[in-house]
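When we follow my numbering, the leftmost residue of the sequence shown carries the number 905, and every step to the right adds one.
For glycine and all other residues, C-beta sits at the position ideal for the given N, C-alpha and C.
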Amino acid sequence: MGIIEKTVEDIRSLKIQGARSVAIAGLKALKEFVEENGFGKGFERACRLLESSRPTAVALYNGIENVKKKKSLEEIDKLLYYFENVAPLIASQNYKLIKKNSTILTHCHSSVVVELLKTAWNKGIKFRVITTETRPLLQGKITAKELSEAGIPVVYTDDVAAGHFLQMHKRKISMVLFGIDSIRKEGVVNKVGSYVLAVFAKENKIPVYFVGELLKIDRRREIDIEERNPEEIIREKELPKVRIENPAFDTTPWKYVTGIVTEKKVLKPAQVMRTMR
């Protein structure tokens, strides 16, 4: 198995997870491939395989499309530097968004969200985090582990309990904070369940922020919402006459979004939409 196929397998199996980590792994694999084979025979196929590994998340797609245009190792190195350094940049420029003695609700695992919260904590801002388990693969455990190891107080709860926390503790929860897989004209694409939480938050007048780099702006005409293996939810033989669907992402419409936290600044939905015209 070659480096491209191995990387694609690791991405699809979620051994590598998170849009930025996927982009970094994919670009590193492409660089190794190009160093051995050049930009000729096999290059386009390698790009297609990598782009198909997580079709919803746009960061790797955007990166590869840039490489296809310029066809240079320097471009790959430039993109790798960007993706490897953008999370600390976003965190250092926006950590003041986190307020003292606040409570933040988050969903799934986003390395840039974790970086933002750890930076705020290390700057002396004390707060607590409520993180959902994020079914079916419990990716919220990664968030809880990383934040707790940094000394941040964390509450880990069932996905369906999030509404309870937003409603019963609305005076204490300051914001809902998500990562980003794609920024599109119809809204922000993130781990499935984000849309529901954003609606709950708006109902309780709690601001909703998505955090991610501008290279996640998605100008593709259509988006393919990834369907994961039904066995992640239930063994199919337990419900042999039932169609089982396991979408990995959903889209939060702009009316539920307070702002997008980027390496430039916090952008309002209208500002993001202007950049996509």
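Can you tell me the Cα-Cα spacing of residue i and residue j, whole angstroms?
i     : j     : result
T1038 : T1010 : 10 Å
I1129 : V1096 : 10 Å
C1182 : R924  : Since the first residue of the chain shown is 905 and the last is 1181, residue 1182 is not available in this structure.
G1044 : I1084 : 15 Å
V938  : H1068 : 51 Å
L984  : I1138 : 37 Å
A927  : K910  : 15 Å
A1065 : G946  : 48 Å
A991  : P1134 : 32 Å
A1102 : L1001 : 18 Å
L918  : E988  : 19 Å
N1181 : R1123 : First, the amino acid is wrong: residue 1181 is Arg here, not Asn. R1181 and R1123: Cα-Cα distance of roughly 9 Å.
L1143 : R1132 : 17 Å
A1174 : K1003 : 25 Å
V1165 : S1098 : 16 Å
E948  : E1126 : 21 Å
S1086 : K1145 : 34 Å
G906  : N941  : 12 Å
L1021 : L1118 : 19 Å
T1179 : N966  : 16 Å
K972  : K1141 : 44 Å
R1147 : G922  : 28 Å
N1005 : G1028 : 11 Å
I908  : Y986  : 21 Å
Counting only the same chain and skipping the five closest in sequence on each side, list residues whose C-beta sits under 7 Å from that of residue i.
i     : result
K1172 : G1163
P959  : D1128, E1130
T1023 : A995, S996, Y999
I1077 : T1007, L1009, F1069, L1070, I1110
N970  : E979, L983
S1052 : V1058
A1105 : L1070, V1080, V1112
E1136 : P1040, L1041, N1150
D1062 : E1037
Short of 8 Å in beta carbon distance, which residues of its chain neighbour residue i, apart from the five on each side in sequence? Order them along the chain.
i     : result
K1055 : Checking the displayed sequence, the identity of residue 1055 turns out to be Gly instead of Lys. So the list reads W1025, once near-sequence residues are dropped.
F943  : K975
I968  : G930, L931, L934, C951, L954, E955
L993  : E1167
L977  : K935, V938, E939
M1177 : K1089, W1158
I920  : T911, D914, V926, A929
Just to confirm my understanding: we take residue i, look at its own chain, exclude 5 residues before and 5 after, and list those with CB closer than 6 Å. What are they?
i     : result
I1046 : H1013
S957  : V912, I915, R916
V1059 : I1034
L964  : V926, A927, G930
R1156 : Before going further, note that residue 1156 is Thr rather than Arg in the sequence given. Around T1156: G1091, V1092, S1098, Y1099, A1102.
Mind reading off the beta-carbon distance from residue i to residue j? Whole number of angstroms is fine, and I expect it under 8 Å.
i     : j     : result
K935  : I980  : 5 Å
N1150 : P1040 : 7 Å
V1018 : K1120 : That belief does not hold up - the Cβ atoms of V1018 and K1120 are roughly 17 Å apart, past 8 Å.
N1094 : F1153 : 6 Å
V1016 : G1091 : Wrong, their Cβ atoms sit about 19 Å apart, outside the cutoff.
V1170 : F1114 : In fact, because the Cβ distance is near 10 Å, the residues do not count as touching under 8 Å.
Tell me, please, whether the CB atom of residue i is closer than 8 Å to any CB atom in chain B?
i     : result
V1092 : Chain labels in this structure do not include chain B; a single protein chain is all it has.
Taking 7 Å as the cut-off, does the CB of residue i come closer than this to any heavy atom belonging to the ligand MG?
i     : result
I1087 : Absence of the ligand MG from the depicted structure is noted, as is the absence of any ligand whatsoever, leaving it without description.
Which ranges does the beta strand (DSSP E) cover as unbroken runs of at least 3 residues, wholly within the segment 1026-1076, from first to last along the chain?
1031-1036, 1058-1061
Which runs of the alpha helix (DSSP H) fall wholly inside the segment 1064-1142 and span at least 4 residues, in chain order?
1066-1072, 1098-1107
Jot down the residue ranges of each uninterrupted beta strand (DSSP E) in the segment 948-1033, minimum 3 residues, whole runs only, in chain order.
1006-1010
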